[in-house]
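Its first residue numbered 35, the sequence shown is counted upward by one per residue in the working numbering. Input: a single structure, listed below in structure tokens.
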Amino acid sequence: MSYDKILNELGAESMSFETKRPSNCLPDDIKISESLNQLLDRFKTAIVFSNGAKFKTPKKMPIGDQDGFVFLDVIYGLAPDSNNIYYKNEMYANQIRGELYTFGESGGGDQFCINKNTEEVYYWYHEAKDDASSLFLIAPSFTSFFEQLTPDNDETDSKDDDGIVSAEFNF
35 MSYDKILNEL
45 GAESMSFETK
55 RPSNCLPDDI
65 KISESLNQLL
75 DRFKTAIVFS
85 NGAKFKTPKK
95 MPIGDQDGFV
105 FLDVIYGLAP
115 DSNNIYYKNE
125 MYANQIRGEL
135 YTFGESGGGD
145 QFCINKNTEE
155 VYYWYHEAKD
165 DASSLFLIAP
175 SFTSFFEQLT
185 PDNDETDSKD
195 DDGIVSAEFN
205 F
């Protein structure tokens with residue numbers, strides 16, 4: 035699948051972060067899904083979105099905006115830095131269920147995960163009270179998830195805009 039149109043709309047950019055020494059494998063012989071791997075091979079580093087990236091959740095979740103959108107801040111990459119997919123999976127190994135691996139992050143530490151058996155995409159809410167209420171199925175596959183991403187073109191509502199861009203007062 036070609037991700038070019040979506041990547042362009044979202045303003046996808048490679049971004050390097052603080053260097054780390056991650057392992058080069060996921061726990062329990064988990065293999066990265068083929069569609070995600072294609073994207074990672076293309077960018078190598080973590081992927082950030084200058085136009086924002088959001089998706090509409092299929093059902094109500096305890097996070098997101100009033101319209102039901104949740105934001106994707108970064109898709110982890112292959113570069114040996116703090117946003118390396120292997121490093122992040124080592125970091126979350128004791129918090130996220132073993133059949134899942136993380137591939138991206140929403141603001142505040144919530145994770146986007148893929149089930150190693152079904153390749154379904156889940157949203158992991160890190161502030162949940164228990165494991166049973168921490169996972170939300172959001173897409174049947176990474177490709178489906180990625181195709182649902184839209185840019186965050188949310189402008190301030192014009193009726194709320196007082197027209198003042200900035201003001202400086204020197205008393």
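The beta carbon of each residue, even a glycine, is placed where N, CA and C say it ideally should be.
Alpha-carbon to alpha-carbon, Asp115 and Gly143: Cα-Cα distance, rounded: 17 Å.
Candidates Tyr156, Glu161, Lys94 and Asn85, of which the one nearest Phe179 by Cα: Taking only the C-alpha atoms, the option nearest Phe179 is Tyr156.
Cβ neighbours of Thr190 in the same chain (closer than 6 Å, five flanking residues each side left out): The predicted model places Thr190 with a pLDDT of 45, which falls under 50 and marks its position as unreliable; any figure quoted below should be read in that light. Around Thr190: no qualifying Cβ.
Under 9 Å between C-beta atoms of Ser36 and Phe176: Cβ distance not < 9 Å, so Ser36 and Phe176 don't count as in contact.
Environment of Glu161 [buried if 16+ CB atoms lie within 10 Å]: Looking at its Cβ environment, which holds fewer than 16 other Cβ atoms inside 10 Å, Glu161 is exposed.
Buried versus exposed call for Lys122 [16 or more other C-beta atoms within 10 Å across all chains shown]: Buried, since its Cβ has 16 or more Cβ neighbours within 10 Å.
Identity of the residue in Asp186, Ile148 and Val108 nearest Glu139 by Cα: The shortest Cα separation from Glu139 among Asp186, Ile148 and Val108 belongs to Val108.
Any 3 or more C-beta pairs closer than 8 Å across the stretch 97-104 and the stretch 126-139: Taking 8 Å as the limit for Cβ pairs, the verdict is that the stretch 126-139 does not touch the stretch 97-104.
Cα-Cα separation, Phe89 to Leu44: Roughly 12 Å separates the two Cα atoms.
One or two residues paired with Ala173 in a DSSP bridge: DSSP lists Val155 as partners of Ala173.
Test item: CB-CB of Lys78 and Ala113 under 9 Å: In contact: Lys78 and Ala113 (Cβ atoms closer than 9 Å).
Where Glu133 falls: helix, strand or coil (DSSP): Note: Glu133 maps to coil in three-state DSSP.
One or two residues paired with Lys90 in a DSSP bridge: Per DSSP, Phe103.
Whole-number beta carbon distance between Asn117 and Ala87, since they are thought to touch under 8 Å: 15 Å between Cβ atoms; not a contact.
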